[in-house]
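Structure first, commentary second.
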Amino acid sequence: MSRRRFVFDTNVLVSAVLTSQSTAHRALLAASRQGFFLFSRATFEEFEDVLYRSKFDRYITNPERRQFTQDLLAKSVQVQVTEHLTVCSDPDDDKFLELAVSAKADGIVTGNLRDFPASPFRGIPILSPAMFLESALAG
């Protein structure tokens with residue numbers, strides 16, 4: 000079985016690190032067992048920027064942030080985006096779709112389904128964490 004490739008939106012990753020009992024965390028673990036995560040330079044920079052916002056300081060320490068990031072990167076591949084898109088209702092989310100299309104991802108997991116085009120997009124399922132856990136992609 001080939002290893003599956005997943006794009007996780009920043010909101011799902013931050014939810015996963017902040018709440019270990021969350022659906023987002025369970026989806027992250029399921030994806031980790033099935034394959035690896037994809038990042039582009041833009042998606043990783045957004046993730047780090049959001050993760051280190053001071054509003055999360057009461058929930059997570061900087062050493063915990065660094066450990067989560069290191070663990071995530073160990074299960075990730077950085078991808079050069081080759082296709083630029085403007086199809087999401089929130090332009091900030093286009094970078095996740097561009098990454099998925101450029102890398103031929105097996106799925107996108109996001110907490111903002113309303114901002115993305117209808118699933119599947121070019122054959123790539125776009126799922127909430129709960130939908131991902133219920134799908135064949137999770138296992």
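Per numbering that gives the first Met the number 0, residue 0 is the first one in the sequence shown, and the count goes up by one each step.
Even for Gly, the Cβ is constructed at its ideal location relative to N, Cα and C.
Straight-line measurement puts the Cα of Arg32 at about 15 Å from the Cα of Pro128. Bounds of the alpha helix (DSSP H) holding Ser101 are Asp93 to Ala102.
In this structure, DSSP gives Ser19 a state outside helix and strand, which the three-state scheme calls coil.
Following the DSSP letters along the chain, one finds Phe67 inside the alpha helix (DSSP H) bounded by residues Asn61 to Ala73.
A contact between stretches requires three or more CB pairs, one per stretch, nearer than 8 Å, and the region 89-109 meets this requirement with the region 36-44. Your pair Ala102 and Leu37 checks out as a contact, with CB atoms roughly 5 Å apart and the cut at 8 Å.
In this structure Asp56 is exposed. Its beta-carbon is surrounded by fewer than 16 other beta-carbon atoms within 10 angstroms. Contact check between the region 14-24 and the region 118-125: fewer than three CB pairs, one atom from each, fall below 8 Å, which does not count as touching.
Exclusion of the five residues before and after Val76 leaves Phe35 and Leu37 as the residues of its chain whose Cβ lies within less than 7 Å of its Cβ. If the five residues before and after His24 are omitted, its C-beta is found closer than 7 Å to the C-beta atoms of Ala15 and Thr18, all from its own chain and listed in chain order.
Per DSSP, Phe38 lies in no alpha helix (DSSP H); the unbroken beta strand (DSSP E) holding it starts and ends at Gly34 to Phe38. Listed as beta-bridge partners of Leu126 by DSSP are Val108.
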